[in-house]
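Engineer: Be aware that the sequence shown starts at 1, since it is given in UniProt numbering, and climbs by one per residue. Just so you know, even glycine gets a beta-carbon here, dropped at the ideal spot from N, CA and C. No experiment lies behind these values; they were computed from the predicted model shown.
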Amino acid sequence: MFRFIDRKLAKAISWRFWGTLDTILWGSLISGSSNIGFSIGAFELITKISLYYLHEWIWEKWRTKPFWKKRKNSFRHLVKAISWRLIGTIDTIILAWVISGQPLVGVKVGIAEVVTKIFLYYLHERLWHLFRNNKDEQEKVV
Numbered sequence: 001m002f003r004f005i006d007r008k009l010a011k012a013i014s015w016r017f018w019g020t021l022d023t024i025l026w027g028s029l030i031s032g033s034s035n036i037g038f039s040i041g042a043f044e045l046i047t048k049i050s051l052y053y054l055h056e057w058i059w060e061k062w063r064t065k066p067f068w069k070k071r072k073n074s075f076r077h078l079v080k081a082i083s084w085r086l087i088g089t090i091d092t093i094i095l096a097w098v099i100s101g102q103p104l105v106g107v108k109v110g111i112a113e114v115v116t117k118i119f120l121y122y123l124h125e126r127l128w129h130l131f132r133n134n135k136d137e138q139e140k141v142v
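1. Under three-state DSSP, which class holds K72?
2. Report the option in H77, T89 and W26 whose CA atom is closest to the CA atom of H124.
3. Quick check: W84 and Y52, are their CB atoms within less than 9 Å of each other?
4. At a cut of 8 Å, does the stretch 8-16 reach the stretch 88-102 through at least three beta carbon pairs?
5. Taking only three categories from DSSP, how would you classify G88?
6. Could you tell me whether the stretch 109-126 touches the stretch 53-63, using the rule of 3 or more Cβ pairs below 8 Å?
7. Can you tell me the Cα-Cα spacing of residue 174 and G110, whole angstroms?
8. Any idea if S74 is buried or exposed, counting beta-carbon neighbours within 10 angstroms, 16 or more meaning buried?
9. Excluding the five sequence neighbours on either side, which residues of its own chain have a C-beta within less than 6 Å of the C-beta of G55, listed in chain order?
10. Are the CB atoms of F43 and I87 within a distance shorter than 9 Å?
11. Answer yes or no: do W128 and S33 have a C-beta to C-beta separation smaller than 9 Å?
12. Please state whether DSSP places G37 in a helix, a strand or coil.
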């Protein structure tokens, strides 16, 4: 299935699904308005897919560097998750602030997402890594 879809794009779409649900939840709870939560989530579909694709492209280039080749995959995934969360948090804070009109809502949504999104993103990366390894093993057998 993924032979016809760019891996970075497929990962961006799958992550954005889970990330958007998390954003809608936190945005709704913190602002007290499901309309604001859904609006933040809707705008993030545009900004985050673009930013995530760029982040994936950069990491694809970096993972072949000697520094990263010496590191365990789980360490690389953790560093990647943290770097993405920094970018994502800044984007979320700005969007939540602009949409709600309240800077404190933006900061609270951004802070709330830090813990949940790092955890969710780490799981997402591990699953994609396992998927790649299983695919590689299947191709070796054939």
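Structural biologist: Quick answer:
1. coil
2. H77
3. yes
4. no
5. helix
6. no
7. Nothing can be reported for residue 174: it is not among the residues displayed for the chain, which extend from 1 to 142.
8. exposed
9. Inspection of the sequence shows that residue 55 is occupied by His rather than by Gly. So the qualifying residues of the chain are W84.
10. no
11. no
12. helix
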